[in-house]
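Under our numbering, the letters of the sequence shown match residues 917 to 1291, in that order.
Only one structure is covered here, and it is reproduced in the block below.
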Amino acid sequence: MLDSIKFRLNVRIPAELFTDSEVCSRALGFPDLQVIPPGYNKKGSKVGIIDLLPNGALRIFVKKIGDEYRAYKVSCNAPSLLFGHNGRILDGQNAMIAMLTRLSDLLCKVVVREDQHRIIPGLPESDAYWSGLEIPFHIADPSGELLRACRNIRHPGVRKPASAYHGESITLLGSSLKVQIYRKDTEMHRALKKFDVEAPAALRFEVRLLEERLVTAFPTRCRRMIDGQERLVSFTMEGLLAVFRREMGELEGLYRSLADDPVKEGISRFIAHLSKDHGLEIGSLVKSYAVEKGLKQARTRKIWNEALRHYQTLVDLSAAELFSDEAFRNQPKVVISALEAPLEGMVARYAYQDGHITRAYTPQRVGYYTPAPVL
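Here it is in structure tokens:
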């Protein structure tokens, strides 16, 4: 249950990566290695970028401090490490551990040996920490009914109203929380046209957590004080699912109509949804509209009756039912054989290979490396 992940760290990168990247590309086994030496960005900071995998699937941000190159941030597309694309869901603890272990394995190739034990957050001597997590969930939606049911969603953690794009996506965007709902199959077909994409009608629900909301979303045992601030350093698959369900459980305005467009009158539908969203009385809304437009009694009565009819078809959807254990086990997945074949067996190969990562990220041992608070 991870898509885009970001973490902060402070490790040294060999200068050779910037002075002779072509030789390093061959020697380290990164045929798609792209290196941009540190140069001044728009904010006036001297930042470099190392792309280890295609399409920015594993990107390292680097600063030059004196004669040293130091990685300070990593962004990664988690499913791409195991499957070559992000149409798949990391749907188990084994897959999550394998992803983190392969992430460590890839980064170790470009980090100075003495700093390699400090790459992954949550390990014994690491001062790295998670700064952003995207948690996705797929639900089959062949008719598009579920996407339509989300068009009026709101979340108490986001002030701005939802934005929709051509019936394909709905987004709630806040400073530390983003909720996005979109057709994953449509996105994958559009982005990967040159591949044979086997994509069922999958609707992706995605929660992105940043900053303080990310830290407080997880239990205390998953956190650690780093540089005077509490940071998130570990999590479990069970914990990710719990956080996702909690955020989705706070959605408001999630409902569908039991009927197929029973009301043709646009204003009647609008009034019904307005009443449903804000708890307003339909009669008052209709009267206000009639006065504003100068409608006759017969026309007003028709709008009123149709608004009532449509309101009666609107049924709240339960987040608990939508994102149940059964739904989690049966998430539709996008399959791209050409990208997945070279990485076949990655989960079995990397799961539980690294004892430190296993201890830091398994349910029984989370917090194993987190010091107890001083009393």
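C-beta: ideal position from N, C-alpha, C; glycine also.
Problem set entry | Residue burial classification, S1091 (beta-carbon count within 10 angstroms, cutoff 16) | Residue numbering aside, residue 1091 sits at position 175 when the sequence shown is read from its first letter. With fewer than 16 other Cβ atoms within 10 Å, it is exposed.
Exercise. Which runs of the alpha helix (DSSP H) spanning at least 4 residues fall entirely within the region 1184-1271, listed in chain order?
Worked result: 1198-1209, 1213-1229, 1235-1238, 1241-1245, 1253-1256 and 1262-1266
Problem set entry | Contact set for V1263: own chain, Cβ-Cβ below 7 Å, skip 5 residues either direction | The residue you call residue 1263 lines up with position 347 of the sequence shown. L998, N1010, A1011 and A1014.
For this session: State buried or exposed for N1246, treating a residue as buried only when at least 16 other CB atoms are found within 10 Å of its CB.
Result: Position 330 of the sequence shown holds residue 1246. Exposed.
Exercise. Considering F1160, what are the terminal residues of the beta strand (DSSP E) in which it resides?
Worked result: Position 244 of the sequence shown, counted from the first residue, corresponds to residue 1160. F1160 -> not in any beta strand (DSSP E); alpha helix (DSSP H) instead, spanning M1153 to G1165.
Exercise. Which of helix, strand or coil does DSSP assign to P1178?
Worked result: Working through the sequence shown from its first residue, we reach residue 1178 at position 262. Low per-residue confidence applies at P1178: pLDDT is 47, beneath 50, and the placement is therefore not dependable, though the value from the model is reported in the following sentence. If DSSP states are grouped into helix, strand and coil, P1178 belongs with coil.
For this session: Give the secondary structure of H1033 by DSSP, where H, G and I count as helix, E and B as strand, and everything else as coil.
Result: Working through the sequence shown from its first residue, we reach residue 1033 at position 117. In the structure shown, H1033 sits in a helix (DSSP, three-state: H, G or I).
Exercise. Taking the alpha-carbon positions, what's the V1179 to Y1227 distance?
Worked result: Counting from 1 along the sequence shown, the entry for residue 1179 is found at position 263. Counting from 1 along the sequence shown, the entry for residue 1227 is found at position 311. Only weak support is given to the placement of V1179: the predicted model assigns it a pLDDT of 48, under 50, and the question is left unresolved by the model.
For this session: Thinking R1161 and A1235 are a contact (beta carbons under 8 Å), I'd like their distance in whole angstroms, please.
Result: The residue given as residue 1161 occupies position 245 in the sequence shown. The residue given as residue 1235 occupies position 319 in the sequence shown. The pair is a contact, with the Cβ atoms about 7 Å apart (cut-off 8 Å).
Problem set entry | Run of the beta strand (DSSP E) containing A931, from where it starts to where it stops | Taking the sequence shown and counting its residues from 1, the one referred to as residue 931 is at position 15. Element bounds for A931: n/a, residue is neither H nor E.
For this session: Jot down the residue ranges of each uninterrupted alpha helix (DSSP H) in the region 1042-1109, minimum 4 residues, whole runs only, in chain order.
Result: 1061-1065 and 1100-1107
For this session: Decide if Y1081 is buried, meaning its Cβ has at least 16 other Cβ atoms within 10 Å, or exposed.
Result: By one-based count along the sequence shown, residue 1081 stands at place 165. Exposed, because fewer than 16 other Cβ atoms sit within 10 Å of the Cβ of Y1081.
Exercise. Near A1267, which residues of its chain fall below 8 Å by C-beta distance, leaving aside the five closest residues on each side in sequence?
Worked result: The count along the sequence shown starts at 1 and reaches residue 1267 at position 351. Taken in chain order, the residues that qualify are N1010, A1011, I1013, A1014 and T1017.
For this session: Please go through the same chain and pick out, in chain order, the residues whose beta-carbon is closer than 7 Å to the beta-carbon of A1133, but skip the five residues on each side of it.
Result: By 1-based counting over the sequence shown, the position of residue 1133 is 217. So the qualifying residues of the chain are L1125 and V1159.
For this session: Find out if the Cβ-Cβ distance for the pair T1152, Y1277 is shorter than 8 Å.
Result: Indexing the sequence shown from 1 puts residue 1152 at position 236. Indexing the sequence shown from 1 puts residue 1277 at position 361. Result yes, Cβ atoms of T1152 and Y1277 sit closer than 8 Å.
Exercise. What do you reckon, are the CB atoms on D1021 and R1034 nearer than 8 Å?
Worked result: If you number the sequence shown from 1, residue 1021 lands on position 105. If you number the sequence shown from 1, residue 1034 lands on position 118. In this structure, R1034 does not lie closer than 8 Å to D1021 by Cβ.
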